[in-house]
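Quick notes on the structure that follows.
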Amino acid sequence: MPMTDSDRKKITDFVDLVGRIRARPFIAEFQKNNLFDIIYSRPNPPKPDEELLRSFILDVRKLYMESEATSFKKMFPVFMQYVSADEKIELQKCQSDYEENLTISFPAGIPVRESKTIKDILDDWFYGHYLHEDEKKKETLSNLGGAEDFYKWIFVDNLGGFVFEFAFSLEDLAKRLLS
């Protein structure tokens with residue numbers, strides 16, 4: 530099926546966005562220092578440069594937030610129209626893995642009173658701190674006490690490690706579709 534101009538623009542915008550994110554200084558800092566490796570965390574790990582983190586977040590949100598034209602939720606169906614049968618299977622697995630990762634849950638008490646999924650944590654930080662002001666999410670963050678750094682590490686680790694890794698994996702496919 531020939532690609533529509535509208536879909537070509539969406540895929541081009543996606544590739545451009547991933548390229549911009551890849552070029553962000555925060556990505557280099559994230560990869561070089563492995564800042565937020567929670568499983569093997571070191572005592573007193575370095576904190577990210579907040580300005581680098583904010584600029585990274587302004588771009589990476591466009592992959593995550595469903596209201597954005599370049600969000601995974603909107604891009605998966607566009608890609609599906611133009612890939613081969615084998616690639617469709619791989620793309621469906623990627624979409625399933627992405628959605629499944631969002632539902633991974635942290636039990637109550639670590640560091641919040643109720644169980645939280647990765648999606649909850651991403652939304653708490655996006656809507657409660659970085660982008661929008663949602664009173665309930667702001668309250669969640671303000672009630673973290675000494676656990677705020679850990680909760681933020683989960684947020685950043687999932688933005689850099691989970692959300693952006695999916696973008697990396699789809700970037701080659703997107704470039705192939707454009708050529």
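Numbers 530 to 708, taken from this note's numbering, label the letters of the sequence shown in order. In this text, a Cβ means the ideal position worked out from N, Cα and C, and glycines have one as well. Treat the numbers as computed from the prediction; the structure is a model and nothing was measured.
Spatially closest choice to Leu651 from Gly638, Glu700 and Ile633, by CA coordinates | Ile633
Are the Cβ atoms of Thr599 and Asp653 separated by less than 7 Å?
-> no
To the nearest angstrom, how far is it from the Cα of Leu688 to the Cα of Arg537?
-> 26 Å
CB of Tyr656 within 7 Å of CB of Asp649, strictly | no
Determine the DSSP secondary structure at Thr632, reduced to helix, strand or coil.
-> coil
Got a sec? Which residues, its chain only, sit under 6 Å from Lys539 by beta carbon, not counting five neighbours each side?
-> Val607
Within its chain, find whatever has a CB closer than 8 Å to the CB of Leu582; leave out the 5 residues flanking it on each side and keep chain order.
-> Phe555 and Val685
Do you know how far the Cα of Lys591 is from the Cα of Gly690?
-> 16 Å
If you draw a straight line from the C-alpha of Asp626 to the C-alpha of Glu619, how long is it?
-> 10 Å
Helix or strand or just coil, what does DSSP make of Thr541?
-> helix
Distance, Cα to Cα, Ile586 vs Tyr659?
-> 8 Å
Entirely enclosed alpha helix (DSSP H) segments - the segment 658-682, minimum 4 residues = 664-671
Start-to-end residues for the alpha helix (DSSP H) that takes in Ser698 = Phe693 to Leu707
Beta-carbon contacts of Lys667 that lie in its chain and below 6 Å, excluding the five residues immediately before and after = Gly657
Would you mind sorting Gln610 into buried or exposed? The rule is 16 or more other CB atoms within 10 Å of its CB.
-> exposed
Determine the contact status of Val544 and Lys704, defining contact as a CB-CB distance below 7 Å.
-> yes
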